[in-house]
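For any residue, its number in the working numbering is found by taking its place in the sequence shown, counting from 1, and adding 90. We put the CB at the ideal spot given by N, CA and C, even for glycine. Below is one structure, written out as structure tokens, with a few remarks after it.
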Amino acid sequence: MLGWLVENTLLACLVAGPMLLLERRWRGRPAVCHTIWVTVLLVLLLPPVEISSPVAIRGHFRESIVELETSAWLRLERLDPAGEWAQTQAPAPSTVAREPEWGEIGPDYVGGGEQAALTLGSSGDHAGVLPVLRAPARATSSLSSNSVPGRRGWIDLPSPAATSVFFRTVWLGGAAVSLAIFLWRVRRIDRLVRRSSVPGAALQERVRLVAERLGVRMPELRTFPGMGTPMVWGLGRPVMLWPGGMACADEGSAGLIAHELAHLRRHDHWIACVQVFASALLWWHPLARLARRRIERYAELACDAWAVNAVNGHRRDYAEAIIGVVERLGSVRHSAPALAASGGGKTALVERLWVVMAARATARGSRTILAAAVAIVALLLPTMSPGEARQGAAEDLPELDERVRTIAAFAAMKREGDDWYEVRSWPQADGAYRSALRLKGGDPSVLARLGITLIHLDEPGEAEELIRASMEAGGRKAELRYWLGNMAAREGDAETALAELEQSMRMGMDLGERFESEGVFSALRESDAGREFGERARRVHELREQARAHMKAHEAEEALVALDELSRLCPEDGATWHFVSYCAIALERFDEAAAALEKQRELGYRLSVQAYNEACLHALLGRAGDAVEAFERAVDEGFTDYALARSDPDLEAVRTDPRFLKALSRVTDAEKLKRELAVAREFYEWDRVLELCARTGTSVDMGGLKEARGKEGSGGMIARECANALGELGRYDAARDVLVTAMQKGMDTGEGLFELARIEAMAGRLDEAAAALRAAGLAGMRDVERVRSDARLAGLLARDVVRTAMYDAVARGELARFGAKTWEQLAGKADERLAVNAQDRSALHERGWAKLRLGDYASAQADFEALYAAGWKTPVSAYNVACVLAQQGQRAAAMEWLERAVAGGMDDAEMIAGDRDLRALRDEPAFKELLVRLREPAVAATP
């Protein structure tokens, strides 16, 4: 909106500037001046829409305007820089000790329809279902995230978004007041017209003669004794109001009549409608106010020139009549609203008399000026060329920094491969992954997925080589062992297949349902060895479900029984040993806990949590030295839960130990650093930010930058803060170096490119910023809302090449979940499945999604409501109905369905707040209240 205003203002100034310089020279031609000022007002009111045209003059202003808009909002950001912190940074991950999550975190190699739980349960399905069995008393941390050391009484200022809402509210409020005043005046005039009377025949005849002389249809004529001046009112059938008692027989009165009829001859009452609209929309705009005053002024002067011609040269009589009207206005005056097309007070008297008495003043306009005005508006209305509309991706953008070019290309090819992989387009995935490996050979995830892809393409030799290379490079051995077994089963090697599957299960892969359902194992299931393996696999699956249920019910002893048997069947599964130690400590069976912890450490599973639990075990057994040593190891491995360590009763024996307190202080240092960084950013102390970043080993020369995926997981955040501070200080090259080095050391490529785009935008290098943002989208950065909410980058979404990359990434991510290449394909497949089985709820769900994305909201709503009525995943179905209704602008109905979804368990506040399908609800009080309600439990649980 701001960009539209600035753009229109600059263009209007190009028209108004020369007019102000030439105005005095052209005052003898008021009709020409009037046309030019009407053009100025129309340019100010040009709509902010994109219209394609071979000539798009406004397109040349766009980048400059975007930069001006960015600068303006950046100044507003200074009201609350913490708001930007919240928008542009994800919270650093924290390790929650002794609150286990049954699943190994890592890349998912499972493809297409062959999805399966990889360990005891995927983190997405079972997060939070395993509560703490020994709930410790959690004391409130003295370092609350809401406190700022050394500062008291400082006030939280509004965020940029709130500031934007405030200004828009004031704007709309002013517009409402302007319209209210106008309507009040309209009502006054209507009352005056209703109270007026029909004039005498002499006045009517006089008006008829003047109207014929001017070539104007005679308006309805009324008189009112309380008026001070004649006026014309109305749009459809205009009414001319004549002051009661005013003479009408002399030439001066004929001039006044001609003046009012000239307004109709010139259609000033229609132009007055534009003025009313402008006065409401741009009530605060100085150029709009100037244009309106000039339009009224030159309309009066042009009508005076018409009146002089109508009275056959009786200039003096008309001038005296004007003076008489001014004298009458001194005693009584009824103000005329804009549509009355009348007015001109005492301040304009001298100028009006000059036009009346000057022989060179003329009523004629200029067809050339009128044609030029029409051409100006026509040329300025389009905002983009046809080439831009057809092929934004053809826009030339500069190349990325050569140091990150390969990193960005690898990330883009990997993302492309992943997208093809998810929709089971194996040849395309093969090509993309091979391109990625040429850029960065040895990436375990790419090696694994390319190997699995080649299994589906019946190339077992190379597939095995790649999978084993992935295992050596750190790939997930349990799942990769499964794929080796899958490949052996395809080749008919039953012995190798069962051996690999057995090893996969021992390492933690849940194969109970998978072995029974997948056709590739049908021959194995018929053999004795295969049946025995199938029984063990089913038993493993059952034991995991039992353990999960008992732990959820806080039944540690029953859970441990299931886990003991499970540990014998899956001795190389770190998650199982983790849960064994967890339950054993809860039951005070410390020998079992110690053995399980040792096994967990040997397998390298969640080492920070393992070390913390080992510290608790030693403390409970009175071994203070061993407890402190284990706690120090936990901190080294990335333990960050200060409140838990401070309040956990299991650590009571070492609470005052100096070594324990020293290690604990290292945990608090990270939180202190975040708060100090926030304060420094709040007050724009950028040198202080750099000093704080240097404490972590991050410096301007990047000599000691921690890897972004280091044990504490904070390297990426520190790199962002350091780069942002350098950018604010104008040290753009140093900021680029920080981000480049961070990406080289493992920072997420999409995140790094996003931050690099912000630095380029700070430096005013918008083409380079667009190139980096486009690369971020190709690398998988799919958070369009984050880009839209960033003041520096939002304007770049106007570029098709950037917008296409970002929105295509979002669409690919959504389609990948359904294994489809396009929404049309997904809808077609769903229809085929429903034709076979009308009760296929999954197909109905997929069709609803496809219809939603294709814009067929009625069909999507019908499908999701049918799923809800059938009781199929009712929270999800209700949520999807809410999304469809929100897309249609039905806010109240959308909120009702959203409340149903939340009541059924869809309680992820951050997902709801960031869902682009619910954007229409974000300003709704009920929506904001819902988010507050959902966040309250999380806030209450935060120390």
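The three-state secondary structure of Ser287, taken from DSSP, is strand.
For Thr313, the enclosing beta strand (DSSP E) stretches over residues 310-314. Pairwise C-beta distances place the stretch 305-316 in contact with the stretch 346-364, as three or more of them are shorter than 8 Å. Three or more beta-carbon pairs separated by less than 8 Å are not found between the stretch 286-295 and the stretch 386-402, which leaves the two stretches without contact. Contact between Leu693 and Leu656 fails: their C-beta atoms lie close to 14 Å from each other, not under 8 Å.
Taken atom to atom, the span from the alpha-carbon of Glu742 to that of Glu645 is near 25 Å. In summary, Ala643 is exposed, with fewer than 16 beta-carbon neighbours lying within 10 Å of its beta-carbon over all protein chains present.
Between Arg312 and Val276 a beta carbon distance of about 16 Å is seen, past the 8 Å cut, so the two are scored as non-contacting. Burial check for Cys363: the Cβ neighbour count within 10 Å stays below 16, so the residue is exposed. The residue from Leu601, Arg638, Glu585, Val630 with its alpha-carbon nearest to that of Ser617 is Glu585. Assigned with DSSP and collapsed to three states, Trp444 falls in helix.
Rounded to whole angstroms, Arg278 and Gly264 show a C-alpha spacing of 21 Å.
Non-local C-beta neighbours of Pro517 in its own chain, meaning closer than 8 Å and more than five positions away in sequence, comprise Leu547, ordered along the chain. Boundaries of the alpha helix (DSSP H) around Val974: 964-977. Secondary structure at Trp323: strand, using DSSP grouped into helix, strand and coil.
Assignment of Trp332 by DSSP, reduced to helix, strand and coil, places it in the strand class. Judged by DSSP secondary structure, Gln951 falls within the alpha helix (DSSP H) whose first and last residues are 947-959.
Looking only at Glu581, Gly582, Leu556, Asp583, the smallest Cα-Cα distance to Leu570 is reached by Leu556. Rounded to the nearest whole angstrom, the C-alpha separation of Ser671 and Lys567 is 23 Å.
Leaving aside the five residues that flank Glu662 on each side, the residues in its chain whose CB is nearer than 6 Å to its CB run, in chain order, Arg596, Met597. Closest in alpha carbon position to Leu1008, among Leu1024, Trp987, Gly995, Arg756, is Trp987. Rounded to whole angstroms, the separation of the alpha carbons of Thr730 and Ala637 is 28 Å. With the rule of 3 Cβ pairs closer than 8 Å, the stretch 381-400 does not count as touching the stretch 317-330.
With contacts defined as CB atoms closer than 9 Å, Gly541 and Glu554 qualify as a contacting pair. One alpha carbon belongs to Ala462, the other to Leu100, and they sit about 18 Å apart. When the five nearest sequence neighbours on each side are left out, the beta carbons in the same chain lying within less than 7 Å of the beta carbon of Ser967 are those of Phe954, Leu957, Tyr958, in order along the chain.
Assigned with DSSP and collapsed to three states, Arg749 falls in helix. Check the Cα spacing between Ala940 and each of Asp280, Ala928, Asn970: the tightest is with Asn970.
When the five nearest sequence neighbours on each side are left out, the beta carbons in the same chain lying within less than 7 Å of the beta carbon of Asp394 are those of His349, Arg442, Val445, Val446, in order along the chain. A residue is called buried once 16 or more other Cβ atoms fall within 10 Å of its Cβ, and Pro328 is buried on that count. Inclusion of Ala895 and Leu868 in the CB contact set at 9 Å is warranted, their separation being smaller than that value. The C-beta of Arg405 has 16 or more other C-beta atoms within 10 Å across all chains shown, which makes the residue buried.
Cys338 and Asp280 have their C-alpha atoms roughly 24 Å apart.
Our two residues, Val830 and Gly842, have alpha carbons roughly 8 Å apart in a direct line.
Pairing Glu410 with Val300, the inter-Cα distance amounts to about 19 Å. Rounded to the nearest whole angstrom, the CA to CA distance from Glu341 to Gly414 is 13 Å.
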